[in-house]
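For reference, the structure is listed below as structure tokens.
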Amino acid sequence: MMRGSCNQQGEEDVQTPFLQISGTQDPPSVSVQGLRFKWLVWGLVGVLELTFETGLAMRTTPLIASYKEHLCAKASRGVDLPIISCQRDHSIASELALILGVFQLLECLPMLLLSGIYGNMADKYGRRPILFLSYLGLVLSSMWTTGVVWLVPRMPLKLVWIGPVFTLIGGGASVSLAILMTSAAAVAPPTQRVSVFSFIHGTALVAAILGFGLSSATMSSLGNYAAQLVGLALMSLALCLSRLLPTGEIAQPLASDPELDSASEYTNILVSSRHAVIRSYNYLLQIRNAIPLLIAGFFATLGQRVQILILLYMPEQFSISFSEANTFIILDHVSNLLVLFIGLPLANVLILRWGNFNSRHKDIALALICSALSLVGALLLSFAPNMTAAFFGIIVFGTGIGLSSLLRSIFVGLFPPQRAAFATTLISTIKSVGGTLSGPVYSYVFALSLDLDRVLQGLPFIVSAACFLIVASVLITMAKTPRVRRDIL
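Every number in my numbering is 120 more than the matching position in the sequence shown, counting from 1.
Take a look at the structure:
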């Protein structure tokens, strides 16, 4: 994506009229104007992220609770089955896992297939319209699922699977997040970009903590459906506010060249692009540890996505309500927040100061620590005999949040600077594949675990621990082998 609406001299872009000043006043200095623009953009990005993610988090638990209520009502229809007994029915829990797993798969597919297309469109037409489309698709998807929940049993509950189709409009949540990050980074100096990304990530975590906390309070006082409507209202508010985002610089087409108008020249360009892609993948095969690291990225994402089962597993295992199960999600995100903004920076400084590590080995050491924490946390969750042990397990699991970013850093570091974009795209795609497959995998494993002995009912978390064991094995192998990187011919 292109840089944002404010150029390096701090001059105001013509596509941001809400920042223009009255002609009757003396214009402020360029530095003041640029500083004001930068803080307006950062503030708007923060408000959009906080509002939308809070609404999205508020809807998650009430939706799952509503799904289970309708499945219980369907199972109890015409049968003398108490509602308490219905809530503990394994067949209902299995069907609920199926609905959520397929929904997760369908929700991830547009992000996997269309994020690059919408990213290019944002460069061509500006970031504001694409952000609006992304939010619009997500809001329409939420409206559809809310409508289906309202109309059950007059329409089948599985029609919620149609909801993700609306995210074809805008490409889903990854597109909106990428546009917000690009908009914030475009007005920041290079030295502040990492801080900007951390700010957005931290805002998303705060929004999740706030959203799940509010959903628990709203579900207890107003019920499941009211909590869904409040969340939908917040998402719709973010949709309206997205129209205030500066459009940003639009990529200008190159001046027409008569020689490029011929079909033969276009054919040559396509052939050249294909050869460039082939050379990139051939180069990938020549880099030691690149393929194992891609495999590690896939399994790291798959292992972390076991979080989608927390709201199913905890009520089933400890006979608690969905609103009480929200506490586990909140603890997980609080752990994430503390690690990202205190734990990782502190560990980074200590390892570089006291350990004989270069940047690559420092990242490998931190990634090993994160994978070990995630592995231990997953095992604690799988075998937790009570709520106290489960609380401790989710905190330990949450402290491994830095693994994803560290693996990306290690992988990109294997490549020379001229291949950094290719490396970043590749590792992001592999992680998206892991996220896409996580829904079906964990829904199947959860359904399978319901019929096993109590000791093995934490099978989904055992699978997650196995994923982190694979990641740790790859990292240990990398730490023992020297770095080899052939130059590009």
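Don't be surprised by glycine CBs; every beta carbon is placed ideally from N, CA and C.
What you are looking at is a predicted structure, and each value in this text was computed from that prediction instead of being measured.
Under the three-state DSSP convention, the category residue i falls into
i	result
Val272	coil
Gly343	coil
Val454	helix
Asn446	helix
Ala66	Within the shown structure, residues of the chain are numbered from 121 to 609, placing residue 66 beyond reach of any answer.
Gln577	coil
Phe535	coil
Gly130	Residue placement at Gly130 is flagged as unreliable, the pLDDT there being 37, under the threshold of 50; the coordinate-derived value follows with that caveat. In this structure, Gly130 counts as coil in the three-state DSSP scheme.
Gly625	Because the chain is modelled from 121 through 609, residue 625 falls outside the range shown and cannot be assessed.
Arg408	coil
Asn642	It is not possible to answer for residue 642, since the shown part of the chain is limited to 121 through 609.
Lys600	helix
Ala510	helix
Ser211	helix
Ser637	Lying before the first or after the last residue shown, residue 637 is absent from the chain, which here runs from 121 to 609.
Ala100	Residue numbering for the chain in the displayed model covers 121 to 609; residue 100 lies beyond these limits and cannot be assessed.
Gly522	coil
Arg197	coil
Thr549	helix
Ala592	helix
Gly555	helix
Pro366	coil
Leu279	helix
Gly246	coil
Leu570	coil
His321	helix
Spatial distance of residue i from residue j (CA atoms)
i	j	result
Ala498	Ser362	38 Å
Arg528	Gln406	19 Å
Leu493	Gly520	5 Å
Leu432	Ala567	11 Å
Ile471	Leu495	22 Å
Leu357	Tyr255	10 Å
Gly175	Cys228	19 Å
Trp281	Phe223	6 Å
Asn419	Gly554	With the sequence shown as reference, residue 419 is identified as Phe, and Asn is not the correct amino acid for it. If I take the Cα positions, the gap works out to 7 Å.
Gln270	Pro182	Reading the sequence as shown, one finds Trp at residue 270 and not Gln. Using only the alpha carbons, I get a separation of about 13 Å.
Gly246	Thr367	5 Å
Leu225	Lys188	19 Å
Thr549	Ser196	44 Å
Ala217	Arg473	47 Å
Thr96	Leu414	The structure shown does not extend to residue 96, since the chain is modelled only from 121 to 609, so the question has no answer here.
Ala185	Thr447	15 Å
Ile515	Val454	8 Å
Pro249	Met598	44 Å
Thr556	Phe157	38 Å
Val259	Lys600	49 Å
Asn409	Met241	34 Å
Leu232	Ala293	11 Å
Asp483	Asn468	8 Å
Ile489	Gly221	30 Å
Glu215	Phe503	24 Å
Phe581	Lys244	44 Å
Cys360	Pro537	39 Å
Cys192	Pro505	27 Å
Ala485	Arg539	24 Å
Ala543	Leu352	37 Å
Leu300	Phe252	11 Å
Check: residue i C-beta below 7 Å from any heavy atom of the ligand FAD
i	result
Val307	What this structure holds is no ligand at all, so the ligand FAD is not there to describe.
Within-8 Å CB hit, residue i to chain B
i	result
Ala177	Absent from the structure: chain B. Only one protein chain is present.
Evaluate the contact criterion for the region 478 to 490 versus the region 558 to 573: three or more CB pairs, one atom per stretch, below 8 Å.
-> Result no; under three Cβ-Cβ pairs closer than 8 Å.
Given 8 Å as the limit, is there contact between the region 582 to 595 and the region 452 to 462, that is, 3 or more CB pairs closer than that?
-> Segment contact: the region 582 to 595 against the region 452 to 462, fewer than three CB-CB distances shorter than 8 Å; contact not assigned.
Quick check: the region 159 to 170 against the region 316 to 333, are there 3 or more CB pairs under 8 Å?
-> yes
Is the region 257 to 270 close to the region 297 to 311, with three or more CB pairs under 8 Å?
-> no
Which residue spans inside the region 156 to 184 form an unbroken beta strand (DSSP E) run of at least 3?
-> none
Can you find at least 3 beta carbon pairs, one from the region 228 to 243 and one from the region 429 to 444, that sit closer than 8 Å?
-> no
Identify every run of the alpha helix (DSSP H) within the region 460 to 491, keeping only runs that are complete inside it and at least 4 residues long; order them along the chain.
-> 464 to 474
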